[in-house]
Each structure stands twice: as structure tokens, then as C-alpha cells.
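J.: Okay, so the sequence shown: first residue is 0 according to numbering that gives the first Met the number 0, each after it adds one. Once you've had a glance at the structure underneath, I'll fire off some questions.
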Amino acid sequence: MTRYSCRDCNAKFSSPQTSERCSVCKGALEKLNCCVWCLHWQGVEHQTCENCNFSLLKSNQFILGRMLKSGGVDKFSIAERITSLSKEEQTHLSSQYLQQWTLVEKLLMEIRFCEKFMKQRGFDILLEDEFISLIPMNNPDFEALKKNKDVVHLDLESILKSSSSYLAKNLALIALVRQGKFNEDWHENLRMLFYNQGRLLVEALALFVSWQWRNLFSLGLRRRYAPSIDTDHLLGLIEEFPQMKSWLTLTLLILNPNKINALGDEVKTVLEKVREEAIQSDDFDLRLSWLLYLEDPSKLELEFESMAESEARNLVRLELASLGSPLCFKNFSTLPIEVKDRVLQSYRGEVKDELKKELLIELRNNKDALGAKILRLVGDQLSEEESLEFLTALDPEKAENLLLELLLKKNFLGVEAVFEKAIELNLVAKLKDHFTRKAREEKLGAALLAKSLAEADVKNEELVTSLLRISEVVLKAHYDLNLLKEMTQIAWSPKCSKGLRSEAFWCLKRSQKGPRDVQLGLPLSFEPEAIEALFGSKEHFLECLFEAMVNPEFLSETNLIGFVDQVLDGAKSLDLNTYLNDSEREVLVDKLFVVLRSKTWAMYQRTCASLIANIVKASANPLELKKRILELLDTEPELHSECQLTLKSVIS
């Protein structure tokens with residue numbers, strides 16, 4: 000059995016190269032023979048083994064020698080026994096060996112097929128070395144190999160799935176990833192790649208730092224698979240595999256960047272030289288992988304200009320986008336939509352006039368798919384007219400994200416026409432936080448908000464809630480009676496849901512920074528003019544007052560108790576006999592007695608007693624009321640003492 004070795008780089012080949020020169024470094028090849036006894040390889044000129052002193056046989060006697068050794072013939076008798084064998088015996092022994100080696104040849108065919116996609120050669124040597132030591136195998140081992148190797152797989156996915164060789168499976172996986180393919184089922188196989196040794200580990204590391212790996216996996220996924228290998232180990236691999244020093248040096252820089260400075264000046268000088276050689280290399284994969292690592296815009300731009308459209312060019316395009324190079328938009332209109340999307344998302348550069356024009360054309364052509372990302376780049380440069388053009392032209396159902404992006408641009412949030420357009424498109428609720436910030440920073444107009452609240456459909460609770468919260472911010476900045484009135488109308492409107500009224504109460508509560516006589520939008524004096532202005536009519540005022548008195552939802556909220564108490568205190572100051580007619584007074588009195596008899600609302604008893612006392616004193620016929628008070632005092636002995644004193648003073 001013979002093999003060939005390069006005299007310069009020590010690369011091994013199982014068959015001679017077509018040019019009789021090393022395919023790795025172009026060095027001269029040396030023919031090697033294998034020792035039958037210890038399987039050590041040495042030049043054909045040797046007569047005895049360098050390792051075990053066995054007298055070397057001719058290469059065509061290797062098979063017979065291995066068969067005799069397995070049969071128990073001692074080291075010193077093998078050569079003599081071979082010469083004594085008859086032709087029939089030689090044929091029989093050779094056929095036994097070759098029957099098993101034929102199966103190995105099938106595995107070698109798979110290895111050599113995968114090796115075409117590798118950065119190294121000699122993986123078939125690894126498999127040969129494994130089986131040379133095993134053959135001849137005992138019958139069970141041979142039958143197992145025979146069972147698993149009845150078919151030769153010459154496509155990568157079949158090799159990965161069905162090959163009986165662990166080495167072939169790993170090489171197929173590396174080749175598939177280099178072709179830009181990935182399957183969710185490969186996760187574990189990918190992680191295990193970096194637990195190998197020697198030549199296979201080096202090939203896996205070269206894949207990990209290659210542009211193909213970077214193109215296929217996001218940064219997060221790359222970190223997930225990142226191998227754990229220390230600097231000394233990598234330096235040892237560089238020495239052991241000099242033909243792969245460029246790939247291994249890049250691995251060292253990516254995996255252990257913080258340890259480079261700890262290396263000696265001599266080593267760092269070598270690494271610098273390797274870098275310069277790599278970026279000038281004829282190996283496209285190596286050159287591009289290094290350029291992507293170095294993030295040098297000028298060199299990447301040169302590389303980009305020389306490349307045809309491909310996955311590699313798209314990756315460089317994305318790198319240029321992240322580095323702020325406008326060159327990434329070259330031939331932009333011809334790119335697939337997914338590539339455009341990634342470029343727009345990655346771009347970190349300036350958008351000048353020519354680029355803006357190109358992107359606006361793209362915006363009009365692909366507004367639904369790419370609009371939001373284009374607006375992130377050009378939105379700050381759009382005029383008010385251009386922004387309104389897009390707002391008017393776009394269908395909110397199809398381009399909602401685009402409209403949101405457009406409205407978020409700082410030029411437009413305070414523009415009345417844009418704000419009204421946002422309300423028209425029902426987008427204010429989704430932009431609530433941004434409009435609120437704008438209101439705080441630039442005092443979004445109170446008049447505009449008051450108008451918006453007045454015109455809003457209270458059934459659209461999401462919109463009204465958003466307007467209320469923006470209004471709250473405006474009221475905190477400056478007092479505006481019209482805005483206050485509109486918010487209070489919602490807080491007391493019978494058309495609104497309880498949830499929306501509660502939201503209005505809270506917004507009013509949090510925005511208390513107006514004059515001292517204004518609390519939660521209700522004047523303490525409760526002058527008839529104020530009631531008319533705030534409630535539209537006294538009937539509406541009474542309805543709201545009664546609801547506040549007897550609505551458990553309001554009274555169960557601790558912070559609203561003070562508000563209801565304030566309403567009742569305000570009512571005490573009214574001349575109820577002139578403001579209310581007889582039937583209205585009766586309704587109010589009935590409600591007040593309900594509160595007095597209720598333990599749930601005991602905190603209002605004193606206020607209600609004062610209201611009843613005012614009504615009795617001003618009444619032309621107080622007798623009926625006094626009877627009801629006496630009945631109440633008899634049946635409700637647990638009334639608050641102050642409440643009892645107030646009521647007794649009325650009837651005394």
C-alpha cells in the first residue's frame with residue numbers, strides 16, 4: 000500500500016496528484032510505503048521501518064503481510080512465509096482482505112465527494128488509517144460494516160442522513176452549511192462539530208469564521224454555536240496545520256480578541272502578516288471572511304464593486320449598510336424584496352438628496368412592504384406637504400405601520416393637519432405615548448384637543464382615552480377652561496361607559512394645577528352658570544350628583560370618595576329651594592335618606608344631614624320632612640353623633 004506526502008507542507012494524499020505536485024502548496028511529492036507490522040509510513044527508499052525495525056515489504060505484498068500477521072505469524076517470519084505461499088493461497092488471502100476493503104472504498108468515495116467542498120484535503124487518509132488497522136476484521140464486525148454499507152451516497156443530504164461514517168456525516172454537514180443550507184434538525188450536529196480534534200476541528204473552525212456561516216446565522220445564533228477553545232490550543236493548531244493558518248488566525252481574532260495583546264511581539268507580527276496575505280488572497284471565501292471581520296468600508300466597497308449579484312454580495316451590501324456606505328443601495332430597485340428590507344433595516348448612514356429621491360420612488364412602489372423602514376430613513380427630511388401627501392394617499396388598513404412611522408416623525412406631531420389626519424385614521428390611540436410626549440415638549444394645542452374631544456365618538460373608547468391622557472399632560476402645563484370643560488363632560492356624561500368616565504376622572508385628578516377654585520373640573524361654588532356650562536342643564540347635574548352618591552363603583556375607589564364628598568359640599572352652598580322645584584327637591588331628599596340609612600356610605604352622613612337641614616329651613620312646608628327625620632333618628636340609632644345633632648337641631 001502506497002501514499003504520497005508533500006515534502007514542503009507535509010500534506011498527505013492517498014493517490015498521486017495529476018500534476019505530481021502538491022495541490023496545497025505546489026511542493027514536490029514523496030512516495031511512501033506502510034509498515035505491515037506497526038502501520039508507520041515512510042519513504043519507499045527505506046528497507047526497514049523507522050519505528051519498529053521491521054523489514055519492509057514491497058507495496059504489493061502489504062495485503063498478504065497483514066493477513067499473515069492477523070493469523071499469528073511473528074514479525075521475523077512474515078517475509079519468508081509470503082514467498083512460500085502458493086498462488087492459490089495468495090489469491091485466497093488477498094480476496095479475504097479485498098472483500099472487506101471494498102466496503103471501505105465505498106466510504107472513501109463518500110469522503111472524497113464531501114472533500115471537494117472542504118478547505119483541506121486528506122480526510123480520506125483519516126478514514127484509511129482507521130480501517131487499515133482494523134482489517135482483516137472478525138466476522139461480526141465485518142457483517143455490521145457490510146450491512147450498513149451496501150449503498151454509496153453521492154449527495155450531501157443523503158450522506159448526512161445515512162452514511163455509516165461519522166467523518167463523512169460531519170464533512171457533509173460542513174459542506175451543506177457552506178452552500179447556505181440549514182435544517183432545524185442539525186442543531187445538535189452543529190454544536191458537536193467543535194468537539195472534534197485535528198483536521199476535522201480545523202475545518203469546522205474555518206466554517207465558523209467564514210462568510211457563509213455569517214450569512215446563514217444571525218449574531219445571536221452564531222454565539223449559540225461559538226466553540227470554546229483557548230489561545231494556546233489555536234496557536235498549536237496553526238503550527239500543526241500551516242496551510243490553514245489564515246483561517247485559524249481569523250478564528251483566534253474572533254474567539255479570543257482580548258488575549259491577542261498578551262501574545263509576544265513576534266507572534267503579533269506574524270498575525271499581522273497573515274492578515275495582509277489573507278485580504279490579498281485568491282481564495283474568495285478567505286478574502287471575504289477577513290474583510291467582513293475587519294469592517295473596512297473602503298476595502299469592502301472595492302470587493303463589492305467587483306462582485307456579481309449573489310448571497311455573498313448581499314452580505315457585503317448589508318455590511319456596507321451597517322457601516323453607513325450609500326453604495327449598499329446600488330441597483331436597489333432590482334433587489335428581491337427581502338434583501339431590500341434587510342438593507343433598509345441595517346443602514347446607518349446619511350440620506351442625501353439623490354438617495355432620498357430614490358427611496359421616495361421605492362416608497363411609492365412598495366409602501367405596504369417597505370414603507371415603515373424607508374420612512375425611518377427619510378421621514379425627518381419630508382416636508383409637511385410630502386407627509387400629508389402620503390397620509391392622504393395611503394389606505395390605513397393596508398399601510399397602518401407606514402402611517403404610524405410617518406406620524407412619529409418629529410416634524411409632524413405638532414402639526415394640526417397631521418394630528419387631525421391621525422384622528423381621522425383612528426391612529427391616535429396607537430400613538431398616544433408619542434403625542435403625549437409631544438404635548439409635554441411643545442404644548443400641543445389645548446384648543447385642538449378640546450375640539451377633538453368634543454367631536455370624538457365616545458363609543459370609540461380607545462381613541463377618547465388616548466385624547467384624555469394627552470389632554471391631561473396639556474392641563475398640567477397650562478390651564479385651559481374649554482379643555483377642562485370637555486374632559487368634565489366626558490367624566491359625567493351618561494352616554495359614556497363607567498370605565499371611560501372613571502378614566503376621565505383620573506385624568507382630571509392627575510392634572511390638578513389650575514386655579515384654586517377649580518378641583519377636578521368642578522367649581523366649588525356650584526353657581527348656576529357654572530352648572531349650566533359644565534352639565535348643560537340642572538337635570539343633568541342632579542342625575543350626575545345622584546349617580547355619584549349611590550354608585551358603588553365610584554364609592555369603592557378610595558381616591559374618588561373625596562371627589563364625591565366635594566360634589567356634596569358644593570351642593571350645600573346652593574340655594575336649593577330657588578334652584579330646584581318641589582319634585583326635584585323630593586327626589587334629592589329621597590336620595591339623601593338612602594345615603595343616611597346606608598352603612599356603606601356612612602362617611603357622607605354628615606354632609607347629607609347638612610343638605611337636608613338646608614332644605615328643611617328653606618321649605619315653606621317642612622312638616623313632612625321633619626316626620627321623616629324623626630323616624631330616621633328612631634330607626635337608625637347608629638347614626639354619627641354630629642349627624643344626629645344636625646338633624647335634631649332642625650326639628651327642635
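Each residue gets a CB set at the ideal place from its N, CA and C atoms; glycine is no exception.
#1: Keeping to the same chain, check which residues put their C-beta closer than 6 Å to that of Trp246; ignore five residues upstream and five downstream.
#2: Considering Tyr3, what are the terminal residues of the beta strand (DSSP E) in which it resides?
#3: Please list, in chain order, all residues of the same chain as Lys625 whose beta carbon is under 8 Å from its beta carbon, the five residues on each side excluded.
#4: Please go through the same chain and pick out, in chain order, the residues whose beta-carbon is closer than 6 Å to the beta-carbon of Leu358, but skip the five residues on each side of it.
#5: If I'm right that Ala78 touches Leu56 with Cβ under 8 Å, what's the distance once you round it to whole angstroms?
#6: Put Arg111 into one of helix, strand or coil per three-state DSSP.
#7: With DSSP as the reference, label Arg120 as helix, strand or coil.
#8: Any chance you could list the alpha helix (DSSP H) runs of at least 4 consecutive residues sitting entirely within the stretch 166-245, in chain order?
#9: Ordered along the chain, which non-local residues of its own chain (more than five positions away) have a Cβ less than 7 Å from that of Lys74?
#10: Between Ile228 and Leu254, how many whole angstroms is the CB-CB distance? I'm expecting something under 8 Å.
#11: List the whole-angstrom C-beta distance separating Leu38 from Ile134, where the pair is believed to meet the contact cut-off of C-beta under 8 Å.
#12: Shortest alpha-carbon distance to Ser382 belongs to which of Leu252, Glu349 and Val417?
#13: Buried or exposed, going by whether 16 or more other CB atoms sit within 10 Å of the CB of Glu87?
#14: Would you mind reading off the limits of the alpha helix (DSSP H) that contains Lys298?
#15: Taking 8 Å as the cut-off, does the stretch 215-227 touch the stretch 288-298 (at least 3 CB pairs, one atom from each stretch)?
#16: Should the stretch 301-318 be regarded as contacting the stretch 281-292, the criterion being three or more beta carbon pairs within less than 8 Å?
#17: Please report whether the beta-carbon of Phe328 lies at a distance below 8 Å from any beta-carbon of chain C.
#18: For a test of the three-state rule: what should DSSP assign to Asn257, helix, strand or coil?
#19: Taking the C-alpha atoms as reference points, what is the distance between Asp367 and Gly348?
#20: Note down, in chain order, each residue of its chain lying with its Cβ closer than 8 Å to the Cβ of Leu189, except the 5 sequence neighbours on either side.
#21: Quick check on DSSP: helix, strand or coil for Lys11?
#22: Bridge partners of Lys30, per DSSP?
#23: Take Trp40 as the anchor and find which of Cys8, Ser209 and Ser4 has the nearest alpha-carbon.
#24: Closest to Arg274 by C-alpha separation, out of Cys642, Ala612 and Leu293, would be which residue?
#25: If I'm right that Phe61 touches Cys33 with Cβ under 8 Å, what's the distance once you round it to whole angstroms?
#26: Does DSSP classify Trp289 as helix, strand or coil?
#27: Looking at the secondary structure, which residues open and close the beta strand (DSSP E) in which Gly710 lies?
#28: Out of curiosity, what's the CA-to-CA distance linking Leu107 and Leu334?
#29: Would you tell me roughly how many angstroms separate the C-alpha atoms of Lys68 and Trp100, rounded to the nearest one?
#30: Between Pro608 and Leu646, is the Cβ-Cβ spacing less than 8 Å?
#31: Please work out which residues of its chain come closer than 6 Å, Cβ to Cβ, to Gln211, disregarding the five sequence neighbours upstream and downstream, and give them in chain order.
#32: In this structure, what does DSSP give as the bridge partners for Arg312?
#33: Is the separation between the beta-carbon of Glu124 and that of Ala167 shorter than 8 Å?
#34: DSSP beta-bridge partners for Ser54?
#35: Note the first and the last residue of the continuous beta strand (DSSP E) segment covering Gly42.
#36: Going by Cα to Cα distance, which pick from Trp505, Phe328, Leu595 and Ala446 is closest to Ile628?
T.: Once the coordinates are examined:
#1: Ala205
#2: Thr1 to Cys5
#3: Val615, Val649 and Ile650
#4: Apart from the 5 residues on each side of it in sequence, Leu358 sits with its Cβ closer than 6 Å to the Cβ of Ile373 and Val377 in its chain, given in chain order.
#5: 6 Å
#6: In the displayed model, Arg111 falls within a helix according to three-state DSSP.
#7: coil
#8: 186-192, 197-207, 210-215, 218-224 and 230-239
#9: Trp36 and Phe53
#10: 6 Å
#11: At roughly 11 Å, the Cβ-Cβ gap does not stay under 8 Å, so Leu38 and Ile134 are not in contact.
#12: Val417
#13: exposed
#14: Pro296 to Ser305
#15: no
#16: yes
#17: You won't find chain C in this structure, because it holds only one protein chain.
#18: helix
#19: 23 Å
#20: Leu172, Val176 and Tyr224
#21: strand
#22: Tyr3
#23: Ser4
#24: Leu293
#25: 6 Å
#26: Here Trp289 sits in helix by DSSP.
#27: Residue 710 lies beyond the range of the chain shown here (0 to 651); nothing can be said about it.
#28: For Leu107 and Leu334, the gap between their C-alpha atoms comes out near 42 Å.
#29: 17 Å
#30: What sits at residue 608 in the sequence shown is Ala, not Pro. Yes. Within cutoff.
#31: Arg177
#32: DSSP output for Arg312 lists no bridge partner at all.
#33: At residue 124 the sequence reads Ile, which differs from the Glu that was named. No, the Cβ-Cβ distance between Ile124 and Ala167 is not below 8 Å.
#34: Listed as beta-bridge partners of Ser54 by DSSP are Thr47.
#35: Trp40 to Gly42
#36: Among Trp505, Phe328, Leu595 and Ala446, the Cα nearest to that of Ile628 belongs to Leu595.
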